[in-house]
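Asker:
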Amino acid sequence: MAEATSETGSETMHGAAREATPALPARALRGERPFFVYNEAELIAAVAAARAFWSGYSRPGFRLYYSVKSNPQPRLLQALRPHVDGFDVSSLAEARLIRNALPAATRMTWSGPAKTPRALRELPALRPEALHLDSFDEWLALGNDPTPRTLRLNLDGVPGHKLGFSRRELARLAARAPTGFIGLHAYLGRESFSREAFAAALAQARDVVLRHPDWFAEDGIFLGAGLPIREAVAAHPDIFAPDAFAPEPGGARVVHLECGRGLVQSCGSYAARVLSVKSTPEGRSVIIDGGLQHMASHLLSPRFGKESVRLAFFRGAEPLDAAAGEPARINGSLSLWHDVMIEGEPAPKDLKRGDWVAMSPTGAYGWTAASNQFLGPTPVSEYFRRVDGGFEDVTPPHLLSYHQAAAPE
Ligand SMILES: Cc1ncc(COP(=O)(O)O)c(C=O)c1O
4 MAEATSETGS ETMHGAAREA TPALPARALR GERPFFVYNE AELIAAVAAA
54 RAFWSGYSRP GFRLYYSVKS NPQPRLLQAL RPHVDGFDVS SLAEARLIRN
104 ALPAATRMTW SGPAKTPRAL RELPALRPEA LHLDSFDEWL ALGNDPTPRT
154 LRLNLDGVPG HKLGFSRREL ARLAARAPTG FIGLHAYLGR ESFSREAFAA
204 ALAQARDVVL RHPDWFAEDG IFLGAGLPIR EAVAAHPDIF APDAFAPEPG
254 GARVVHLECG RGLVQSCGSY AARVLSVKST PEGRSVIIDG GLQHMASHLL
304 SPRFGKESVR LAFFRGAEPL DAAAGEPARI NGSLSLWHDV MIEGEPAPKD
354 LKRGDWVAMS PTGAYGWTAA SNQFLGPTPV SEYFRRVDGG FEDVTPPHLL
404 SYHQAAAPE
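Okay, so the sequence shown: first residue is 4 according to my numbering, each after it adds one.
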């Protein structure tokens with residue numbers, strides 16, 4: 004459902020910069036539900052930035068894939084489709100979503116260890132371009148299925164040993180003399196991209212291909228790059244400067260770059276009403292009608308902390324001035340000590356029950372990755388702000404929580 008253009012927020016430069024005060028839909032601010040807003044202009048800008056970053060040193064022909072797990076909101080998928088080369092899914096539900104919501108020719112790869120027996124049975128209908136295999140057991144389960152496959156490497160130095168083939172798993176595979184892999188897959192980790200990590204991943208991949216040339220029919224590289232949001236990439240040329248990369252030597256290898264957070268995180272804002280403002284021995288403490296039940300984690304970047312976080316405050320549709328405010332801790336409403344969105348950021352001195360706190364960047368791993376069953380939380384709404392400034396209500400029509408199913412609003 005479309006709504007007229009924004010009533011709050013500042014204009015964006017070229018429609019692309021992240022807004023200091025996010026544009027929020029007036030009808031959402033009149034209501035009580037917490038809500039997410041995804042900004043199309045910022046989404047497009049983030050995809051363009053990821054392409055520019057990568058094409059700075061990749062050979063021509065690389066492809067950019069969107070990692071659906073980071074936010075499978077169907078309107079976002081639709082908006083992304085003209086700007087990316089394909090979608091990487093990590094579950095049967097995501098694969099079906101891509102096939103149901105997007106044109107049949109959409110390219111789709113499949114990573115992650117959730118390849119259930121049912122998922123493998125549905126492969127012929129789902130037609131992924133490649134399955135990134137996570138284990139020897141998956142390889143066995145696939146048997147003679149003709150779906151193209153790659154080998155996901157458990158990278159040296161990357162935390163988490165459950166994902167991909169460790170050297171031991173590779174040894175198990177070697178005993179069965181596999182053939183036909185179309186390349187290698189690796190994920191560098193959450194916001195873990197660096198020149199060194201990238202070079203080490205390529206070196207490890209090259210080592211596997213050199214040791215086992217018979218396994219590979221093609222030598223594609225499928226890389227979950229672990230890029231943070233574009234502002235962080237721009238702010239840290241020491242880590243991310245493309246010209247510092249050595250070009251990857253070799254033939255006409257196609258490099259697929261898979262990105263989740265780096266594409267959608269900066270386009271999202273999340274807003275919730277204030278329930279209480281308390282004075283505590285640790286300072287001012289704000290409790291909002293939201294928190295971890297709507298967000299998979301607090302607002303800090305795992306690598307860059309508060310750097311890209313922005314808070315804005317509203318009374319109705321009116322922005323409140325936080326610059327001259329006092330530090331506060333923004334808590335969620337769950338009775339959990341770690342349900343804290345952020346602390347130490349300035350909030351308006353007169354902030355009170357009923358005001359709104361808007362937080363960004365919250366476009367990735369938000370509502371769709373949260374543990375949204377706890378305490379039967381207030382349901383959220385979702386809005387999409389088109390490039391032309393109009394808002395669409397894109398809240399899914401079905402209920403997402405057991406509590407809501409038992410006692411619909
Ligand atoms: C295999 C793989 N690819 C891509 C991603 C997306 O990562 P990010 O959001 O850091 O870009 C993940 C996240 O866990 C992943 O496991």
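Ideal Cβ positions, reconstructed from N, Cα and C, are used throughout, including at glycine.
Am I right that Val312 and Leu354 are in contact with their C-beta atoms under 8 Å? What's the rounded C-beta distance?
Answerer: About 17 Å; that fails the 8 Å criterion.
Asker: Which whole runs of the beta strand (DSSP E) in the segment 268-356 are 3 residues long or more, in chain order?
Answerer: Whole beta strand (DSSP E) segments, 3+ residues: 271-283, 286-291, 313-318, 321-323, 329-334, 343-350.
Asker: Gly265: which of Glu221, Pro77, Gly223, Ile232 sits nearest, CA to CA?
Answerer: Answer by Cα proximity: Ile232.
Asker: Indicate whether Leu154 and Leu136 have their beta-carbon atoms separated by less than 8 Å.
Answerer: Yes, the Cβ-Cβ distance between Leu154 and Leu136 is below 8 Å.
Asker: Cβ of Pro349 within 8 Å of Cβ of Pro364?
Answerer: No, these two residues do not count as a Cβ contact at 8 Å.
Asker: Among Glu45, Arg388, Ile224, whose alpha-carbon lies nearest the alpha-carbon of Ala208?
Answerer: Closest option to Ala208, Cα to Cα, is Ile224.
Asker: From what residue to what residue does the beta strand (DSSP E) around Ala133 run?
Answerer: Counting along the chain, the beta strand (DSSP E) containing Ala133 begins and ends at 133-136.
Asker: Do Lys72 and ligand 1 come close, with the Cβ less than 7 Å from some heavy atom?
Answerer: Yes - ligand 1 has a heavy atom lying nearer than 7 Å to the Cβ of Lys72.
Asker: Identify whether Asn74 lies in helix, strand or coil by the three-state DSSP scheme.
Answerer: Three-state DSSP puts Asn74 in coil, outside helix and strand.
Asker: With H, G and I counted as helix, E and B as strand and the rest as coil, what does DSSP make of Val258?
Answerer: Residue state, collapsed to three classes: strand.
Asker: Can you determine whether any heavy atom of ligand 1 sits closer than 7 Å to the C-beta of Asp222, and answer yes or no?
Answerer: Result no, Cβ not under 7 Å from ligand 1.
Asker: Can you list the alpha helix (DSSP H) stretches of 4 or more residues lying completely in the segment 177-222, in chain order?
Answerer: Whole alpha helix (DSSP H) segments, 4+ residues: 198-214.
Asker: Under the DSSP definition of a beta bridge, which residues are partnered with Asn42?
Answerer: DSSP, once it has assigned bridges, lists Arg388 as partnering Asn42.
Asker: Please state whether DSSP places Gly265 in a helix, a strand or coil.
Answerer: Reduced to three states, the DSSP call for Gly265 is helix.
Asker: For Thr112, list the residues DSSP reports as bridge partners.
Answerer: For Thr112, which the question treats as bridged, DSSP gives the partners Asp91, Ala133.
Asker: Mapping the DSSP letters down to three states, classify Val397 as helix, strand or coil.
Answerer: In the structure shown, Val397 sits in coil (DSSP, three-state: anything other than H, G, I, E or B).
Asker: DSSP three-state call for Phe225: helix, strand or coil?
Answerer: Three-state result, Phe225: strand.
Asker: Going by DSSP, which residues form a beta bridge with Ala361?
Answerer: Looking at the DSSP assignment, Ala361 forms a beta bridge with Ala274, Ala315.
Asker: Check whether the segment 198-214 touches the segment 172-190, taking contact to mean three or more Cβ pairs, one atom from each stretch, closer than 8 Å.
Answerer: Yes: the two stretches touch, three or more of their Cβ pairs being nearer than 8 Å.
Asker: When you compare only the Cα positions, how much space is there between Leu27 and Phe219?
Answerer: Rounded to the nearest angstrom, the two C-alpha atoms are 50 Å apart.
Asker: Does ligand 1 have a heavy atom nearer than 7 Å to the CB of Glu261?
Answerer: Checking the Cβ of Glu261 against ligand 1 gives yes.
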